[in-house]
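*Asks:* If you scroll down you'll find the structure; I have some questions about it.
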Amino acid sequence: MNDNITYLTDVAMITCVVKRGMSDIILQAARDVGAITGAVSFYARGYGARERLGLLGITVEAEKEIISLLVSLEQKDTVFEALIRAANLDKPGNGYIYCTPLEKLATFIPQSVINELEGNA
Amino acid sequence: MSRQYRFGDVQRRSRGKHKEYSINAITPKLERDANGNLIPYRTPRFKLNLVEVYNLLRPYVLVRMMEQVKAVVPLALYLLLFQVLILRQLEAHYLIITGGLFAVIVGLMFFMEGLKSGLMPFGTVIGRTLPRNSSLPVVLLITLLLGIGVTFAEPAIGALKAVGKNVSVEQAPYLYTLLNAWSDILVLVVGASVGLAAVLGTLRFLYGWSLKPMIYMALVPVLGLTLLAAIDPQLQEIIGLAWDCGAVTTGPVTVPLVLSLGIGIAAAAGKGESGLSGFGIVTLASLFPITGVLLLAFYISFTQSPAEIIEAARMASAAASNMEPAWYQSSPGEEIVLGIRAILPLVIFLYLVLRFVLHEPLKNPGEIIYGIVLAMIGMCIFNLGLTYGLSKLGGDVGNLVPAAFTPVPGVEISPIYIYSIGVGLALLFAWAMGFGATLAEPALNALGETTELLTNGVFKKKTLLLAVSFGVAFGIAAGVAKLIYAFPLVWLIVPGYLLAIVLTYFSSEEFVNIAWDSAGVTTGPITVPLVLAMGLGIGNAMSAIEGFGILCLASIGPIVSVMITGLWARYKAEAGAKRISTSASQKNEAQVLI
Chain A
3 MNDNITYLTD VAMITCVVKR GMSDIILQAA RDVGAITGAV SFYARGYGAR ERLGLLGITV
63 EAEKEIISLL VSLEQKDTVF EALIRAANLD KPGNGYIYCT PLEKLATFIP QSVINELEGN
123 A
Chain B
214 MSRQYRFGDV QRRSRGKHKE YSINAITPKL ERDANGNLIP YRTPRFKLNL VEVYNLLRPY
274 VLVRMMEQVK AVVPLALYLL LFQVLILRQL EAHYLIITGG LFAVIVGLMF FMEGLKSGLM
334 PFGTVIGRTL PRNSSLPVVL LITLLLGIGV TFAEPAIGAL KAVGKNVSVE QAPYLYTLLN
394 AWSDILVLVV GASVGLAAVL GTLRFLYGWS LKPMIYMALV PVLGLTLLAA IDPQLQEIIG
454 LAWDCGAVTT GPVTVPLVLS LGIGIAAAAG KGESGLSGFG IVTLASLFPI TGVLLLAFYI
514 SFTQSPAEII EAARMASAAA SNMEPAWYQS SPGEEIVLGI RAILPLVIFL YLVLRFVLHE
574 PLKNPGEIIY GIVLAMIGMC IFNLGLTYGL SKLGGDVGNL VPAAFTPVPG VEISPIYIYS
634 IGVGLALLFA WAMGFGATLA EPALNALGET TELLTNGVFK KKTLLLAVSF GVAFGIAAGV
694 AKLIYAFPLV WLIVPGYLLA IVLTYFSSEE FVNIAWDSAG VTTGPITVPL VLAMGLGIGN
754 AMSAIEGFGI LCLASIGPIV SVMITGLWAR YKAEAGAKRI STSASQKNEA QVLI
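Protein sequence lines, in the order shown, are assigned to chains A and B.
3 is the number of the first residue of the first sequence in this note's numbering; add one for each residue after it.
214 is the number of the first residue of the second sequence in this note's numbering; add one for each residue after it.
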């Protein structure tokens, strides 16, 4: 293994909790505003709103999908807002989104990208 | 002098405004009682205004409605266009039919949602806990009873009763009495057969039996009884009905409920979910009712003579014409009573099992009651739609189709085309309808995905969809041809199933499971009434005695087509492997030579 480990900094994680099956819409919206890294999604069950709505709770799907994607700090707000709009999160029953700063990130980085980074520095 | 800004700050400024609030402001403030202990916090209900409620309800209703619209509207449009463009006729009561189809859409939407939130939770809990808490005989008994309950709750079963009224008692006395005086017993027999199939299917999961011998053993009595009935001129007319019953039973209630129990039992026995668990019950559930119905017909033929039945029917109709029918016997009332009678026994049975066998509390009772009420309302609306929409539409089309090639009373310019072209058009119409309706069936999509997984991608989902659709299409076309040329159903069924047996012998276990199950999933609550009514309509117009049999031919079609496709895929894979190995050995020889 290479002695030098490359860290990436200025990373933020955006996590979306939405109805199951929404991941395609979310990912397309993220790509449209230049979120180039991939994303992971988990299946989960949601609790809370269903119980507090009484009978109306049946309209809120308990089956959720959690999509988490890593973006740069510069993109963070653009992507965040794009996802809110794409998933209609200002309407009830559609889920929520949050953003967390990350200290660092490490993964495989192609040599060409590293050269580019070296050139900028 | 230059200034520096963070790019992110610039972007933030240039986008839409937003407000920020601290969430601290809305988190509850905990209070303490006199002793300084925290009082447990009780979460209050949300209060929503009307716009917010609308925003919640709109997507909920829209998604579920569109599912049914997608299933009903293309098929209805196809039938309508065929009537207008090819037959150049438009039935007069299309307004009623449109209303009826709308009722089908709304009814199925309610019913499916009610099924999901009211009945499925029972199925999951019972499937998971029953096999752990009770002995095998008790579990199997409950499985048997469940089979009967779900059959009564199956929406397509109502279609059988609806078409029974149109059968002529003089021409087919036994068929008439089965569908009228004996109709409840008929459904009971079908239900018991489904229950028995569920029991055997469950035992199969448990002990890992192969499906092949079970198919052979189930087919021997079925084919034997069919041949026996074919000899008797009075019982001949029953065969079509008996075979169609097999196709009608495996619908949206039976399959998931019975499967959840069967898989639960297998999982509790530590058999886990092997890829094939879950298959087989559908197959047996579509074969056993045939035997059951044929046996019932034989029983009736031993106890009652045709003359007695005709006499009884005449008396009944005379009595009915004298008396004003009670509210529950005339149209809207009858459908509502039927709807409630379909769901309620199943629900009570499931609840009793949960309460007194499992001693489990009911989780979310509000939601479950909502689901049950929804399922009942849905069933009632669907039954109305069945009478005024699907059955009428199917009957109308069926009546008109023969007008393409033969004079039909009531159609002015019939025959519309010369005989050969007319027959060709009618068959093409039936073929395309079967193909399109099957391709759109959502249950088939799910089976396609399982198949692709099971065969490690050898058998693609698309291949299965096409194979099944072709099978159903040719089956329905064959059924229509049977009505047009009026040859006995036995001639098609017996060779068809014999071919299926031969193919079963040569196919691998996976394909046998997939092929025989694919026959059951294709016949949903929309295609069944439509095809049944269409068959009877064609039968009427051709003055045939009965119009059953199309559905069962639509079942044998995919069995044969899927197994042939499977064998062909295996042959190609083996041939490909051989080619690679020979070319590899040639290369080796070449290297040796060098």
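Note that the Cβ used here is the ideal one computed from N, Cα and C, for glycine as well.
In this text the structure is predicted, and so the values were computed from the model without any measurement.
For the pair the stretch 553-567 of chain B and the stretch 321-336 of chain B, tell me if three or more CB-CB distances fall below 8 Å.
*Replies:* yes
*Asks:* Is there a Cβ from chain B that is less than 8 Å from the Cβ of R54 (chain A)?
*Replies:* For the purposes of this step, residue 54 (chain A) is taken as the residue at position 52 of the first sequence. It does: the Cβ of R54 (chain A) has a partner Cβ on chain B nearer than 8 Å.
*Asks:* In chain B, which residues lie less than 8 Å from P103 (chain A) when you measure between Cβ atoms?
*Replies:* Translated into positions along the first sequence, residue 103 (chain A) becomes position 101. Here the premise fails: no neighbours, minimum Cβ distance about 12 Å.
*Asks:* May I ask you to list, following chain order, the residues of the stretch 250-263 of chain B that have a beta carbon less than 8 Å from some beta carbon of chain A?
*Replies:* T256, P257, R258, F259, L261
*Asks:* With 8 Å as the C-beta to C-beta threshold (strictly closer), list the residues of the stretch 17-36 of chain A near chain B in chain order.
*Replies:* Within the stretch 17-36 of chain A, not one residue has a Cβ closer than 8 Å to any Cβ of chain B.
*Asks:* With burial defined as no fewer than 16 other Cβ atoms inside 10 Å of the residue's Cβ, what is the status of K230 (chain B): buried or exposed?
*Replies:* Taking the first residue of the second sequence as position 1, residue 230 (chain B) is located at position 17. Label assigned to K230 (chain B): exposed.
*Asks:* From the DSSP secondary-structure annotation, give me the bridge partner or partners of E70 (chain A).
*Replies:* By one-based count along the first sequence, residue 70 (chain A) stands at place 68. Per the sequence presented here, residue 70 (chain A) reads as Ser, with Glu not at that position. For S70 (chain A), which the question treats as bridged, DSSP gives the partners A:T17, A:V42.
*Asks:* What do you get for K791 (chain B), buried or exposed, if any count of 16 or more other CB atoms within 10 angstroms of its CB means buried?
*Replies:* Walking along the second sequence from the start, residue 791 (chain B) turns up at place 578. So K791 (chain B) ends up on the exposed side.
*Asks:* In this structure, does DSSP put T109 (chain A) in helix, strand or coil?
*Replies:* Taking the first residue of the first sequence as position 1, residue 109 (chain A) is located at position 107. It is coil, neither helix nor strand.
*Asks:* Give the secondary structure of E662 (chain B) by DSSP, where H, G and I count as helix, E and B as strand, and everything else as coil.
*Replies:* What you label residue 662 (chain B) is simply residue 449 of the second sequence in a count that begins at 1. Here E662 (chain B) sits in helix by DSSP.
*Asks:* Going straight from the alpha carbon of A410 (chain B) to that of E367 (chain B), what length do you get?
*Replies:* One-based indexing of the second sequence puts residue 410 (chain B) at position 197. One-based indexing of the second sequence puts residue 367 (chain B) at position 154. Those two C-alpha atoms are separated by around 16 Å.
*Asks:* Sort B:A394, B:T778, B:F761 by Cα distance to F683 (chain B) and report the nearest one.
*Replies:* Within the second sequence, numbered from 1, the residue matching residue 683 (chain B) stands at position 470. Checked all of B:A394, B:T778, B:F761; the closest Cα to F683 (chain B) is B:T778.
*Asks:* Short check: CB of T735 (chain B) to CB of A713 (chain B), under 8 Å?
*Replies:* Counting from 1 along the second sequence, the entry for residue 735 (chain B) is found at position 522. Counting from 1 along the second sequence, the entry for residue 713 (chain B) is found at position 500. No, the pair does not count as a contact, with Cβ atoms beyond the cut-off.
*Asks:* Taking only beta-carbon atoms, is Y234 (chain B) less than 8 Å away from chain A?
*Replies:* Stepping through the second sequence from its first residue, residue 234 (chain B) is reached at position 21. Chain A, which has no Cβ nearer than 8 Å to the Cβ of Y234 (chain B), makes this no.
*Asks:* Under three-state DSSP, which class holds I99 (chain A)?
*Replies:* For this step, residue 99 (chain A) is matched to residue 97 along the first sequence. In the structure shown, I99 (chain A) sits in a strand (DSSP, three-state: E or B).
*Asks:* Answer yes or no: does any C-beta atom of chain B fall closer than 8 Å to that of I60 (chain A)?
*Replies:* As a first step, residue 60 (chain A) is located in the first sequence; it is residue number 58 there, counting from the start. Chain B contact via Cβ: present.
*Asks:* Please state if the CB of T663 (chain B) and the CB of L474 (chain B) are separated by a distance shorter than 8 Å.
*Replies:* The residue labelled residue 474 (chain B) in the question sits at position 261 within the second sequence. The residue labelled residue 663 (chain B) in the question sits at position 450 within the second sequence. Against a cut-off of 8 Å, the Cβ pair of T663 (chain B) and L474 (chain B) comes out as no contact.
*Asks:* Give the residues from the stretch 80-100 of chain A that approach chain B closer than 7 Å (Cβ to any Cβ), ordered along the chain.
*Replies:* Cβ contacts with chain B: T80, E83, K93, P94, G95.
*Asks:* Going along the chain, which unbroken runs of the alpha helix (DSSP H) with 4 or more residues stay wholly within the stretch 459-531 of chain B?
*Replies:* 467-481, 494-516
*Asks:* Could you name the residues that DSSP lists as bridge partners for E65 (chain A)?
*Replies:* Counting from 1 along the first sequence, the entry for residue 65 (chain A) is found at position 63. Partner(s): A:R47.
*Asks:* Given that Y218 (chain B) touches chain A, what residues does it touch there, using C-beta distances under 9 Å?
*Replies:* Here residue 218 (chain B) is taken as the residue at index 5 of the second sequence, counted from 1. The premise fails here: Y218 (chain B) is roughly 12 Å from chain A at the closest Cβ pair, so nothing lies under 9 Å.
*Asks:* From the DSSP output, in three-state form, read off R255 (chain B) for me.
*Replies:* Taking the first residue of the second sequence as position 1, residue 255 (chain B) is located at position 42. Here R255 (chain B) sits in coil by DSSP.
*Asks:* Roughly how many angstroms separate the alpha carbons of M24 (chain A) and V274 (chain B), rounded to a whole number?
*Replies:* Taking the first sequence and counting its residues from 1, the one referred to as residue 24 (chain A) is at position 22. Taking the second sequence and counting its residues from 1, the one referred to as residue 274 (chain B) is at position 61. Rounded to whole angstroms, M24 (chain A) to V274 (chain B) spans 17 Å at the Cα level.
*Asks:* Can you check which of these residues, A:V20, A:F82, A:G50, is closest to G36 (chain A) by C-alpha distance?
*Replies:* Walking along the first sequence from the start, residue 36 (chain A) turns up at place 34. For the residues A:V20, A:F82, A:G50, the minimum Cα distance to G36 (chain A) belongs to A:F82.
*Asks:* State the DSSP-derived secondary structure class of R245 (chain B), mapped to helix, strand or coil.
*Replies:* The sequence position of residue 245 (chain B) within the second sequence is 32, counting from 1. Looking at R245 (chain B) - three-state DSSP - the assignment turns out to be strand.
*Asks:* Around the Cβ of D445 (chain B), are there at least 16 other Cβ atoms within 10 angstroms (buried) or fewer (exposed)?
*Replies:* Numbered from 1 along the second sequence, position 232 holds the residue referred to as residue 445 (chain B). Flag for D445 (chain B) reads exposed.
*Asks:* Please list the terminal residues of the continuous alpha helix (DSSP H) segment that includes E265 (chain B).
*Replies:* Within the second sequence, numbered from 1, the residue matching residue 265 (chain B) stands at position 52. Run containing E265 (chain B): 263-294, per the alpha helix (DSSP H) assignment.
*Asks:* Going by alpha carbons, who is nearest to I585 (chain B) out of B:I370, B:I561, B:P742, B:A431?
*Replies:* For the purposes of this step, residue 585 (chain B) is taken as residue 372 along the second sequence, with counting starting at 1. It is B:I561.
*Asks:* Considering only residues of the same chain and omitting the five flanking positions on each side of L640 (chain B), which have a CB-CB separation below 7 Å?
*Replies:* The count along the second sequence starts at 1 and reaches residue 640 (chain B) at position 427. For L640 (chain B), where only same-chain residues beyond five positions count, the Cβ hits under 7 Å are A690, V693, A694.
*Asks:* Given 8 Å as the limit, is there contact between the stretch 492-502 of chain B and the stretch 403-423 of chain B, that is, 3 or more CB pairs closer than that?
*Replies:* yes
*Asks:* Compare the C-beta of K230 (chain B) with all C-beta atoms of chain A and state if any pair is closer than 8 Å.
*Replies:* The residue given as residue 230 (chain B) occupies position 17 in the second sequence. Not an interface residue.
*Asks:* To the nearest angstrom, how far is the alpha carbon of E521 (chain B) from that of R527 (chain B)?
*Replies:* Start at 1 with the first residue of the second sequence, and residue 521 (chain B) comes out as number 308. Start at 1 with the first residue of the second sequence, and residue 527 (chain B) comes out as number 314. Spanning the two alpha carbons is a distance of roughly 10 Å.
*Asks:* Residues bridged to L104 (chain A) by DSSP?
*Replies:* Taking the first sequence and counting its residues from 1, one reaches residue 104 (chain A) at position 102. Bridge pairing for L104 (chain A): A:V13 [DSSP].
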